[in-house]
Amino acid sequence: MSNQPQAAAGPKPSVFEGVTVYHWLVLILASCGWLFDCMGQRIFVLAREPALRELLGATASDGDVKLWGGWATAVLLIGWGTGGILFGMMSDKYGRVKAMLATLVAYTVFSGLSGLARSGLEFLIYRFLCGMGVGGMFGAATTLLAESVPPRFRTMALGLMQALSACGNMLASALSLGITPGTENFWGRWSGWQVLFFVGVAPIILAVPILAILKEPEPWKKAKAEAATGGAAKKVGSIPDLVRHPRWRHNLIIGVCLGLAGMVGLWGIGFFSPELITTALKNRPIQASEFSKPGAVCIGLKESPNAAIVHLKALLSPDVVRRAEAWAAQPSAFPEELRVALLNDLNRLIQDGSLYEAEAFKSLSLKKGTQKLVQLVQSKGEKRDVVFLNRQLVEQVFPGAVAELLRTIDKSKGRGTFVQDIGSLLGMLTFTFIAARFSRRGAFLFAFLFAFVAVAGTFYGLKTEADIYWMLPLVGFGTLSCFAGYSIYFPEIFPTRLRGTGVGFCYNTVRYLTAPFPFLLGWLSTMMEFRTVAVLMTSIYFVGIIALLWAPETKGEPLPEDDSPLPSPAPSGRA
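Residue 921 is where the sequence shown starts when you use the working numbering, and the numbers rise one by one after that.
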């Protein structure tokens, strides 16, 4: 052993060393492409239920809507997988920027057309075509970013891109607070869900800076030039090459298993949080805070000749009616005891048998959705639909006195998915920190275990509106954190000539494998409790956990090429 002192190590280079304005522009535009892609995904999640209730017609039950919701999500995922593979190959053959532009046009145009759908089948077709564009953007944007920025900045840039995608989800959730999806005739003859899909066209303006600023990365140009002279042994974007080579085939299988766990957890369970909110709140009693004008109810009971009010008056407790009419005869400060008694009696009526009688309500102009609910109750008569109809009848018999539950549910969905997306952002940032500081495999293990506990616990235990605001952030944190890992890890396990194809295959082929799960959730929900099905399906996270046993650790390793050595078993300490 030498006794000479070792040279002191120099200061560790900054992660931002060598980062230019152009690199920041690539990060911004790639992030915007994926951010608006995710906004479109969230718009679909929020609009799915009200869209299908309207398109399927009056006799569609809750189970029917969930079943078609599962189908709609399944075809979106199939389109996503198809687009991911095709645009991934396009990215390798013709360039990252061209593929990114094509996917942008596809997902924006078909989002708008989804709002014009006239039937459930037409809606499914547009969701498939929109899914093709959605699927291609991730692969094109991540490979462009990974190959354009300096190596030390790559992990942070890719993690930030994925984390910022949560802002797209939050933007859609915020939009839904102003454009409530379940509102009839929100803008002229267009319902709220249709207007939301129309808003999804706006990001097409991003095509201008993409064309004007972005250029193909040098590693892609080099790989394409080498492939042009390398013969059949080194094809660009070749799926057979990806499958034949033992190292890339091994990495492909690992990537698919990791992707499947997160994809099913998100699209097969986590993104059904709006339906969970409906399930939790649909049959809840009128809350004291929702009973804002009890005096109007009392005056209506005493003075209105409306046949619907006469009908409800006959069903209310005679003592409550007598006290209400006495107050209406000499209005003063409203007594709290009467308010409580009237609220309890209205809730009793809502929870009992159907309040609807055609003769009593024929003079009342019921909302279109309520008319459809009347037909549904008359054809199937499920208890939960009867209670929901009764609530709407009370709201419309005494307009303004009782808050509209459907609007409350829509608002709760918007706020709930917004806080879920805040959790998603924090989850992806946390994953990025763990992956950069410790290891990629450790970050995935943490993400999958957290998601399993959070998703199962939430779908079992969310019962009240208050639960929404602390449980859904946990769901978002768990289900989306691993997606930061996909943007970091997948480009690190394939060579340049196959990177777009490999990333697209891992991230999007699993859509085909995931597609049956939303349908399975909807189908099983027609036979057993929706909550129970969702909890059972969270076991999918163990597929990812088991795959980690064979996953290569890429922390500190350069992007691989065909002739590069295998990653070392232990991380080298470089980010």
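Note that beta-carbon positions come from the ideal geometry of N, C-alpha and C, so glycine has one too.
- DSSP places S1085 in the uninterrupted alpha helix (DSSP H) bounded by 1071-1098.
- By the criterion of a C-beta distance shorter than 6 Å, G1334 is surrounded in its chain by S1093, S1096, L1097, once the five residues flanking it on both sides are discounted.
- With a beta-carbon spacing of about 6 Å, L1201 and E1385 fall inside the 8 Å limit used to define contacts.
- DSSP, read as helix, strand or coil, puts V939 in coil.
- Rounded to the nearest whole angstrom, the CA to CA distance from L1382 to F1397 is 16 Å.
- Taking the Cβ atoms as the reference, I1133 lies roughly 6 Å from L945, within the contact range of under 8 Å.
- Rounded to whole angstroms, the separation of the alpha carbons of V939 and F1073 is 8 Å.
- Between W1187 and A1061, the C-beta spacing is not below 8 Å.
- Here G1347 has G1396, F1397, G1398, L1400, S1401 as same chain residues with Cβ atoms under 7 Å from its own Cβ, once five neighbours each way along the sequence are excluded.
- Scanning S1344, S1459, F1308 for the CA closest to the CA of T1199 turns up F1308.
- E1245 has its alpha-carbon roughly 57 Å from the corresponding atom of T1028.
- Looking at the DSSP output, W1110 shares a beta bridge with W1107.
- If you draw a straight line from the Cα of R968 to the Cα of G1289, it comes to about 16 Å.
- A distance below 7 Å between beta-carbons, with the five flanking residues on each side excluded, links S1085 to the following residues of its chain, in chain order: W954, L955, C958.
- In the three-state reduction of the DSSP assignment, V1322 falls in the strand class.
- When DSSP states are grouped into helix, strand and coil, F1211 belongs to the strand group.
- At the C-beta level, F1043 and S1034 come within 8 Å of one another.
- In the structure shown, the three-state DSSP call for S1068 is helix.
- For the 8 Å CB-CB criterion, A1454 and L1441 form a contact.
- The shortest CA-to-CA distance from L1394 to any of G1377, A1147, V1430 is the one to G1377.
- Taking the C-beta atoms as reference points, R1016 is found nearer than 8 Å to T1063.
- Residues of the same chain with a CB within less than 7 Å of the CB of A994, apart from the 5 flanking positions on each side, are A1435, P1436, P1438, F1439 in chain order.
- By the neighbour-count criterion, in which 16 or more other beta carbons inside 10 Å mark a residue as buried, A1234 falls on the exposed side.
- Here the alpha carbons of F1048 and L996 stand approximately 5 Å from one another.
- Put simply, the backbone Cα of I1408 is about 18 Å away from that of P1139.
- 8 Å or more divides the Cβ of A1083 from the Cβ of F1368.
- If you check the CB distance, E1477 and T1416 do not come in under 8 Å.
- Per DSSP, Y1461 is one residue of the alpha helix (DSSP H) stretching across 1461-1467.
- Taking all protein chains in view, the Cβ of Q961 is crowded by 16 or more other Cβ atoms within 10 Å, so the residue is classified as buried.
- Measuring C-alpha to C-alpha distances from L966 to each of T1023, L1091, G1220, G1059 identifies L1091 as the nearest.
- Taking the CA atoms as reference points, K1141 sits about 10 Å from K1013.
- Out of A1321, G1079, I1173, G1003, the CA that lies nearest to the CA of S1344 is found in G1079.
- Scanning the segment 1313-1363 for uninterrupted alpha helix (DSSP H) segments of 4 residues or longer gives 1325-1357, listed from N- to C-terminal end.
- DSSP places M1448 in the coil class of the three-state scheme, outside both helix and strand.
- Contact holds between the segment 1281-1301 and the segment 1224-1238, because three or more Cβ pairs, one in each stretch, are under 8 Å apart.
- According to the DSSP assignment, T1028 belongs to the alpha helix (DSSP H) that extends over 1016-1034.
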